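Numbering of the sequence shown is given in our numbering, commencing with residue 6 and proceeding in unit increments.
By construction, the Cβ of each residue, glycine as well, lies at the ideal position given by its N, Cα and C atoms.
If you're wondering where the values come from, they're calculated on a predicted model, not measured in any experiment.
See below for the structure under consideration.
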Amino acid sequence: MIKKQAGFTLLEVIVVFTLLAMIMAMIFSGIDSGRRMVEKGEAKITAINEIRVIQNIIRHQVSRAMPIAVTVSDEGEMIKFIGESRRITFVSQMPGYLGSGGPHIQELELVDARDGMVLQYRHGLVSNYDDEDEFSPFDEAEPMVLLEHISEGGFEFIELNEEREPTEWLTEMENGGDLPLLVRLNLTMNEQAKQSWPTLQMALRLDGGRFGARRPSMMEMLQNRRNRADGG
Numbered sequence: 006m007i008k009k010q011a012g013f014t015l016l017e018v019i020v021v022f023t024l025l026a027m028i029m030a031m032i033f034s035g036i037d038s039g040r041r042m043v044e045k046g047e048a049k050i051t052a053i054n055e056i057r058v059i060q061n062i063i064r065h066q067v068s069r070a071m072p073i074a075v076t077v078s079d080e081g082e083m084i085k086f087i088g089e090s091r092r093i094t095f096v097s098q099m100p101g102y103l104g105s106g107g108p109h110i111q112e113l114e115l116v117d118a119r120d121g122m123v124l125q126y127r128h129g130l131v132s133n134y135d136d137e138d139e140f141s142p143f144d145e146a147e148p149m150v151l152l153e154h155i156s157e158g159g160f161e162f163i164e165l166n167e168e169r170e171p172t173e174w175l176t177e178m179e180n181g182g183d184l185p186l187l188v189r190l191n192l193t194m195n196e197q198a199k200q201s202w203p204t205l206q207m208a209l210r211l212d213g214g215r216f217g218a219r220r221p222s223m224m225e226m227l228q229n230r231r232n233r234a235d236g237g
């Protein structure tokens, strides 16, 4: 009696290899999907950290604005803070580790670019040059891009009116001879941005008219205004 030879038929081998190929494809697909998810998560964290760093830099510099003139108006008034919808210019201390220490004229400006707007920053030491033909370090400073892919946005301000009461939010400062009470930067990012921009609101620390005297906080001013309205 002839014994049958043990082994696999060609059909069984084909089925096994097909199943192995399907299993390997599923495994590698899962690994690739996990890798892409990790990369996406890391990119998201990086974008969030970048936004946080940029906001901290802006808040640190703007909140420490000093009552020092950045320019002189045509009427001879010392302008201590230029506040426009797309640009702010002020004087603030520059940390030594970022360059030459001391008061620097600093400017943040929204500038049109190919992919929307960019937020630029430049600074230069305050100079006492009286010669109009001589450039100051600020005039010669090259701007650096802090943020790209901005579709729209701008600066807003709360300052003191003639009655020394806080105004509503303004898109342009009316009195550059004083520092504003609050500065707000609202930005809307476009589709190319990896992270949205949380509204940045900054309270300034000094009273431009009193050379460092304590200024009532916004909460105190608003509460006083409500109290007077209730009393009226």
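In three-state terms, what does DSSP make of L209?
-> Here residue 209 is taken as the residue at index 204 of the sequence shown, counted from 1. Collapsing the DSSP output to three states places L209 in coil.
Could you tell me which uninterrupted alpha helix (DSSP H) segments, each at least 4 residues in length, are contained entirely in the region 116-201, listed from first to last along the chain?
-> Segments of the alpha helix (DSSP H) lying fully in the region 116-201: 142-145.
CA-CA distance, L165 and E173?
-> Here residue 165 is taken as the residue at index 160 of the sequence shown, counted from 1. Here residue 173 is taken as the residue at index 168 of the sequence shown, counted from 1. The straight-line gap from Cα to Cα measures roughly 10 Å.
Can you tell me where the beta strand (DSSP E) with E80 in it begins and where it stops?
-> Numbered from 1 along the sequence shown, position 75 holds the residue referred to as residue 80. Here E80 belongs to no beta strand (DSSP E), and DSSP marks it neither H nor E.
C-alpha distance - F33 paired with V20, whole-angstrom precision | Here residue 33 refers to the residue found at position 28 of the sequence shown. Here residue 20 refers to the residue found at position 15 of the sequence shown. CA-to-CA, the gap between F33 and V20 works out to about 20 Å.
Whether D87 touches Q200 by CB criterion (8 Å) = Here the question's residue 87 lines up with position 82 in the sequence shown. Here the question's residue 200 lines up with position 195 in the sequence shown. A quick correction: the sequence has Ile, not Asp, at residue 87. Going by C-beta atoms, I87 is not nearer than 8 Å to Q200.
Who are the near neighbours of R92 in its chain, counting only those whose CB is closer than 6 Å to its CB and skipping five residues on each side?
-> Working through the sequence shown from its first residue, we reach residue 92 at position 87. The residues are E114.
Determine, using beta carbons only, whether D117 and E153 come nearer to each other than 8 Å.
-> Position 112 of the sequence shown, counting from 1, holds the residue named residue 117. Position 148 of the sequence shown, counting from 1, holds the residue named residue 153. Going by C-beta atoms, D117 is not nearer than 8 Å to E153.
Rounded to whole angstroms, how far is the Cβ of V96 from the Cβ of V67, which I believe are closer than 8 Å?
-> Taking the sequence shown and counting its residues from 1, the one referred to as residue 96 is at position 91. Taking the sequence shown and counting its residues from 1, the one referred to as residue 67 is at position 62. With 8 Å as the limit, V96 and V67 do not qualify as a contact, their Cβ atoms being about 11 Å apart.
Can you list, in chain order, the residues of its chain whose CB lies under 7 Å from that of E157, leaving out five sequence neighbours each side?
-> In the sequence shown, the residue the question calls residue 157 occupies position 152. The answer, listed in chain order, is T193.
Would you kindly work out how many angstroms separate the C-alpha atoms of E89 and M42, rounded to a whole number?
-> Residue mapping note: residue 89 aligns to position 84 of the sequence shown, counting from 1. Residue mapping note: residue 42 aligns to position 37 of the sequence shown, counting from 1. Computed Cα separation, rounded: 42 Å.
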